[in-house]
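Student:
There are 2 protein chains.
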Amino acid sequence: MRHPKLEIIDALVQSSFVVQQILTEVGEQHDLSVIQIRLLGVLRDRQLRMAPLAAILGLSKSSTTGLVDRAERRALVQRVSVPVGDERAVHVTLSDEGRRLAQQGTAEIAERLNALAGQLSDSGRQHLARALTQLVYAAADSRGLDLRANLIKSTSVAVA
Amino acid sequence: MRHPKLEIIDALVQSSFVVQQILTEVGEQHDLSVIQIRLLGVLRDRQLRMAPLAAILGLSKSSTTGLVDRAERRALVQRVSVPVGDERAVHVTLSDEGRRLAQQGTAEIAERLNALAGQLSDSGRQHLARALTQLVYAAADSRGLDLRANLIKSTSVAVA
DNA sequence: TATTGTTATACTCTATAACTATA
DNA sequence: TATAGTTATAGAGTATAACAATA
């Protein structure tokens, strides 16, 4: 091997910074923070009320209010009244521009990550995807989350 | 497999959030943000002046001033004058309490990550460490960094 | 009374530009 | 003049507590 192999703990931590840095850089090109990218990703294939949105993003409800405020000011999302039922509730939805940005951002992130993963052998990528999948599911299990029901259906940046 | 395997892009992004969430949670238990943990990690085995510290953390110099201010207010680090040479320069060093926190935080992060990685087979962990190492080095190469010279010598949370 | 979401407030984190002190 | 670091200022992101409107 050209380089000394990292211990698995160091490898996990450092690679997480590598990936987050890519998310940050792709976001910067569109003046989006990582949390804004996640907001767009979460909303890509659904509308959500404020409380579930806060739960998925792991934010307090007031933080979510501010996050959606700033995205709405930029016309990336809209608050629309829930068609039937609770008058207090709102649905947060992507605007056309928000959807465009979500798709473009996702594509750029995939491109950047594929460039890195492309340096691995085919079997290396297979092993990596398998091991990381187990890790992600183990983490979700330990929190009592059901990834399959909740999160996987959305884009890769939708999850925490 | 119990769960559908994630595509490698999704696996990388989602696992990065899993790891970052663990860093966040371990930090919270000690009232530390992720960037404060990294600050302590970077300083664990060296003193640094403000400019190199900013470069390693990827921050502007004024952001670094604020970060060190807040850490110094909590007596986790100290600014000491450089013994000989430039009168304008300072060295940032860990206090005893900062060192204690750095060690404890690192241990707790390792414990949490080992609990997750422990669900993998031995060969799964081997493959994972190898593949992630390649990824980290590929990312460093693409930025012209020399990880071996600069960063690896420090703790796993020292790097971006 | 309970719930949904916002507002008030405060702090961390970040950046750019202007500044001070030393080289 | 140039460099090391701080200060001034502004804004995003986060949380807790108090609030208004609706259920």
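Those sequence lines, one after another, are chains A and B. Residue numbering for the first sequence follows this note's numbering, starting at 1 and increasing by one per position. Residue numbering for the second sequence follows this note's numbering, starting at 161 and increasing by one per position. In this text, a Cβ means the ideal position worked out from N, Cα and C, and glycines have one as well.
1) Is the beta carbon of B:Glu268 less than 8 Å from the beta carbon of B:Leu236?
2) Output needed in chain order: residues of the segment 9-22 of chain A with a Cβ under 9 Å from some Cβ in chain B.
3) B:Leu236 lies in the beta strand (DSSP E); which residues open and close that run?
4) Considering only residues of the segment 26-95 of chain A, which uninterrupted beta strand (DSSP E) runs meet the minimum length of 3 residues and lie entirely inside it, listed in chain order?
5) Using a Cβ cut-off of 8 Å, pull out every chain A residue sitting near B:Gly284, in sequence order please.
6) From this set, A:His127, A:Ala115, A:Ile56, which residue's C-alpha is nearest B:Ala298's C-alpha?
7) Reducing DSSP to helix, strand and coil, say where B:Ala309 ends up.
8) Cβ of A:Leu57 less than 8 Å from any chain B Cβ?
9) So for A:His3, helix, strand or coil by DSSP?
10) Any idea what DSSP makes of B:Ser302, helix, strand or coil?
11) Could you tell me if A:Thr106 is buried or exposed, where buried requires 16 or more neighbouring beta carbons within 10 angstroms of its beta carbon?
12) So, are the CB atoms of A:Ala54 and B:Ile168 less than 8 Å apart?
13) Does A:Gln119 get closer than 8 Å to chain B when you measure Cβ to Cβ?
14) If A:Ala129 and B:Ala262 are in contact, beta carbons under 8 Å, what's the gap, nearest whole angstrom?
15) Measure from the C-beta of B:Glu188 to each C-beta in chain A and report whether the shortest distance is under 8 Å.
Tutor: If we stick to the structure as given:
1) Sequence index remark: in the second sequence, residue 268 of chain B carries index 108 (1-based). Sequence index remark: in the second sequence, residue 236 of chain B carries index 76 (1-based). No, the pair does not count as a contact, with Cβ atoms beyond the cut-off.
2) Ile9, Asp10, Ala11, Leu12, Val13, Gln14, Ser15, Ser16, Phe17, Val18, Val19, Gln20, Gln21, Ile22
3) What you label residue 236 of chain B is simply residue 76 of the second sequence in a count that begins at 1. Segment: none, B:Leu236 is in no beta strand (DSSP E) and carries neither H nor E.
4) 77-81, 90-94
5) Taking the second sequence and counting its residues from 1, the one referred to as residue 284 of chain B is at position 124. Within 8 Å Cβ-Cβ: His127, Arg130, Ala131, Gln134.
6) One-based indexing of the second sequence puts residue 298 of chain B at position 138. Checked all of A:His127, A:Ala115, A:Ile56; the closest Cα to B:Ala298 is A:Ala115.
7) Counting from 1 along the second sequence, the entry for residue 309 of chain B is found at position 149. Model confidence at B:Ala309 stands at a pLDDT of 42, short of 50, so the residue's coordinates are unreliable; what they give is reported in the following sentence. Three-state result, B:Ala309: helix.
8) On the first sequence, residue 57 of chain A is found 57 positions in, with the first residue counted as 1. Closer than 8 Å: no.
9) The sequence position of residue 3 of chain A within the first sequence is 3, counting from 1. Coil, per DSSP.
10) On the second sequence, residue 302 of chain B is found 142 positions in, with the first residue counted as 1. Residue state, collapsed to three classes: helix.
11) Along the first sequence, read from residue 1 onward, the residue named residue 106 of chain A stands at position 106. A:Thr106 comes out buried.
12) Taking the first residue of the first sequence as position 1, residue 54 of chain A is located at position 54. Taking the first residue of the second sequence as position 1, residue 168 of chain B is located at position 8. Going by C-beta atoms, A:Ala54 is not nearer than 8 Å to B:Ile168.
13) Looking up residue 119 of chain A in the first sequence gives position 119. Yes, because at least one Cβ of chain B sits closer than 8 Å to the Cβ of A:Gln119.
14) Here residue 129 of chain A corresponds to residue number 129 of the first sequence, with the count starting at 1. Here residue 262 of chain B corresponds to residue number 102 of the second sequence, with the count starting at 1. With 8 Å as the limit, A:Ala129 and B:Ala262 do not qualify as a contact, their Cβ atoms being about 33 Å apart.
15) Taking the first residue of the second sequence as 1, we reach residue 188 of chain B at position 28. No, B:Glu188 lies away from the interface with chain A (no Cβ there is under 8 Å from its Cβ).
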